[in-house]
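Novice: Would you mind keeping the following structure in view while I ask a few things?
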Amino acid sequence: MTASRNMTIDALLPAEMALRAEKIGVSKAHMSLFTMFALGVLAGIFIALGAIFATTVTAPTMGVDPATGAPLAKWLPFGITKLIGGVSFCLGLILVVVAGAELFTGNNLIIMAWANRRISTSSLLRNWAIVYVGNFVGSILTVIVMLLSGQYTFGNGAVGLNALNIAQVKVGYGFIQAVFLGSLCNMLVCLAVWLVFSARTTTDKILSIIFPITAFVAAGFEHSIANMYFVPIGLGIKQFAGDAFWSSIGSSAANYAALTWGNFLLRNLLPVTIGNIIGGALGVGVVYYVIYLRNKPSNNMSAMAADAAEVTQE
521 MTASRNMTID ALLPAEMALR AEKIGVSKAH MSLFTMFALG VLAGIFIALG AIFATTVTAP
581 TMGVDPATGA PLAKWLPFGI TKLIGGVSFC LGLILVVVAG AELFTGNNLI IMAWANRRIS
641 TSSLLRNWAI VYVGNFVGSI LTVIVMLLSG QYTFGNGAVG LNALNIAQVK VGYGFIQAVF
701 LGSLCNMLVC LAVWLVFSAR TTTDKILSII FPITAFVAAG FEHSIANMYF VPIGLGIKQF
761 AGDAFWSSIG SSAANYAALT WGNFLLRNLL PVTIGNIIGG ALGVGVVYYV IYLRNKPSNN
821 MSAMAADAAE VTQE
């Protein structure tokens, strides 16, 4: 690539984006276990921060019912609430992409390097497994910190009420419905990452992220890593919130009976993760591999050893 080409401000074209995605996939697959896990933990924290932002700004205003004197939540219109939540949640992926972290859902695009035989199946699955566990650890650490901070009591309990309602909805889907909601979500997440591959500046990356991520949140699609925060924070509030909190929102833990760890793992996290892989890896990664990479001369196993050696030297 010439110096003039390096200095251009034009975004990369889709065919160039595919080559960039493949190269990044190779690099990610050959990270050391510690680096991969640590960056996975960071991504879990970053996505949780986006979830905290979204939960806070979409919380209702708590008032008092003039007829009964009971606490009364006043919500914004549905569409406006969804839009605000979507824009604010973008913080999570912006931090992942710009600050640097490893997110399971975005890493589904590593399948492009695997499909072009640049990495092995074991390297692909190793990355997905380690990053997924790291994301979970980061999310749960953030949940613990948030519970200790008592932030859910802010706004006369409005933030906690919103968190509980979000979590309750997420464990109420059927298995198949959750799979499809997960598929649609990660199509948009991976399309956001795909657009980032065209970027030459930090501003380009941020703008590439905003619309796809806002769309998936506003539409109510399901993201497995975000749910590692959204549901456990609801579970934590249900388990540990004091009487003063429940009085402030005019409710009780009994009203959230469906909010259990079993429902979270089996009715949400498992099917949503399956859906995320289908939508991201197959719906985006494999599709762009077929379009741009399947006939490239690089699709041979000998390139794999060279790539591994290059990453090791770096």
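834 is the number that the working numbering gives the last residue of the sequence shown; the numbers go up by one with no jumps. By construction, the Cβ of each residue, glycine as well, lies at the ideal position given by its N, Cα and C atoms. On a predicted model such as this, the values are computed, not experimentally measured, just so you know.
#1: Do the CB positions of residue 602 and residue 581 come within less than 8 Å of each other?
#2: Would you kindly work out how many angstroms separate the C-alpha atoms of residue 671 and residue 612, rounded to a whole number?
#3: Report, in whole angstroms, the separation of the C-beta atoms of residue 622 and residue 701, which I expect to be a contact under 8 Å.
#4: Among 785, 816, 656, 630, which has the Cα closest to the Cα of residue 694?
#5: Nearest to residue 755 by alpha carbon, out of 664, 669, 731?
#6: Under the rule that 16 or more other beta-carbon atoms within 10 Å means buried, what is residue 599, buried or exposed?
#7: With a Cβ-Cβ cutoff of 8 Å, do residue 698 and residue 571 count as a contact?
#8: Taking the straight line between their C-alpha atoms, what separation do you get for residue 544 and residue 646?
#9: Which residues in the same chain as residue 806 place their Cβ atom closer than 7 Å to its Cβ, once the five residues preceding and following it in sequence are excluded?
#10: Among the residues of its own chain, which have a CB less than 7 Å from the CB of residue 791, if the five just before and after it don't count?
#11: Would you give the residue range spanned by the beta strand (DSSP E) that residue 555 belongs to?
#12: Taking DSSP as the reference, what is the three-state secondary structure of residue 580?
#13: Residue 605 to residue 655, Cα distance in whole Å?
#14: How long is the line joining the alpha carbons of residue 816 and residue 550, rounded to whole angstroms?
#15: Quick one, are the C-beta atoms of residue 678 and residue 579 less than 8 Å apart?
#16: Could you check if residue 741 is buried or exposed, using at least 16 other CB atoms within 10 Å of its CB as the buried criterion?
Specialist: Once the coordinates are examined:
#1: no
#2: Straight-line Cα distance between these residues: approximately 19 Å.
#3: Not really, about 24 Å apart at Cβ, beyond 8 Å.
#4: 785
#5: 664
#6: exposed
#7: no
#8: 16 Å
#9: 631, 635
#10: 695, 698, 699, 702
#11: Element bounds for residue 555: not the beta strand (DSSP E) but the alpha helix (DSSP H), 553–577.
#12: coil
#13: 21 Å
#14: 22 Å
#15: yes
#16: buried
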